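In this note's numbering, the protein residues as written are 1 to 278.
Note that beta-carbon positions come from the ideal geometry of N, C-alpha and C, so glycine has one too.
Here the structure is a predicted model, which is why all the values come from computation and not from measurement.
Working notes, beginning with the structure itself.
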C-alpha cells in the first residue's frame, strides 16, 4: 500500500468573523471542505468563541475539527530587518481545551477593549469622529484593528482598510496603542497545562535567521513551527524543514479575496506533526 508523501488535506490556520475574518465558522468549514481539506482548525485571535459552531459544521461535513487559537504574544527576539509589534503562537487542542484555558483566553480577549478605546480616543483628538460603539458593532468576538479600519472606511476617512493601517492605525502610526501581552513562555505554559500543542505562526514574519529561531523555540518549549504558510516561499519552507522541528501548515484564510478559502497548501507528511495527519 502506497502512502502519500504530500497532502493538501490539512489546514491549521483560519479566521472567522469572531476575530478578523469576514465569514462565520460554518462558512469557513464549508469552504475548507469544498477545497478538499479533511483536517481543519479555526484559529481566531485570542478567542475560542467559534469552536462549537465550527465543530458542529465539521461534523456534518465529514471534517476532523481541531480547536485552535492564535495567541498574540510579546516579541521574543529582535530582528535587524523586521520590526513586528508581537509574535503569534498557534495553540491546538486535538482532545479539547480545559475550562481554565478558555478562561485565561477570555482575559486576553477582554484586554483588547481598553486598548481599542485608547486608539479611538487618539483618533478623536486628531479630528476623526468615530465611537467605540461603531467599532464594537463590527466585532462579534475579539475586537481588533481590522474592525477599526472598517469603521474608518465606513466613515469615509479612508478608502480601504489597508489605507487605514498605512496612515492611521498601523504599528508605527500616532494612534497606535499597545496592550498587555503574555510572553511566549507564559502562553506555552497555559497551553501545555491544558494538554495542547503549540506552533509559531508565519515564522518568516519575524525576520529571525531560521537556525536562531528554531533554537529559541526549542528553549521556550514550543512544539512546532508553521513552516508551510501561504506567504512563505519554497526556499524558506525547505530551510525550516531542514532544522528538524515538527511543522504545521496554514493557509491563514480570512475569507477575503486574496485567500478566500482554507486549503490548497501542500505539506510533506513526513515533517507534519503526527497529531495533525489526515
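Asked: C-alpha gap between residue 179 and residue 149, whole angstroms; Found: 18 angstroms
Asked: Exposure label - residue 46; buried when at least 16 CB within 10 Å; Found: buried
Asked: Same chain only: Cβ atoms within 7 angstroms of residue 84, ignoring 5 sequence neighbours per side; Found: 75, 205 and 206
Asked: Any chain B beta carbon closer than 8 angstroms to residue 180; Found: Here chain B cannot be found, since the structure has a single protein chain.
Asked: Whether residue 11 touches residue 265 by CB criterion (8 angstroms); Found: yes
Asked: Distance between residue 104 and residue 1 (C-alpha atoms, nearest Å); Found: Only weak support exists for where residue 1 lies, its pLDDT of 33 falling under 50; the coordinates are left without a value.
Asked: Supposed contact pair residue 97 and residue 196 - C-beta distance, whole angstroms, cut 8 angstroms; Found: 6 angstroms
Asked: For residue 58, the residue or residues it bridges with in DSSP; Found: None; residue 58 has no bridge partner.
Asked: Helix, strand or coil at residue 143 according to DSSP, with G and I counted as helix; Found: coil
Asked: Proximity winner among 118, 28 and 77, relative to residue 174 (alpha-carbon distances); Found: 118
Asked: With 16 other Cβ atoms within 10 Å as the buried cut-off, status of residue 34; Found: exposed
Asked: Of the listed residues 6, 7 and 20, nearest to residue 255 (C-alpha basis); Found: 20
Asked: Which of helix, strand or coil DSSP assigns to residue 70; Found: strand
Asked: Straight-line gap, residue 78 to residue 208 (C-alpha atoms, nearest Å); Found: 8 angstroms
Asked: Residue 90 beta carbon less than 8 angstroms from that of residue 198; Found: yes
Asked: Pair within 8 angstroms by beta-carbon distance, residue 58 and residue 40; Found: yes
Asked: DSSP three-state assignment for residue 261, whether helix, strand or coil; Found: coil
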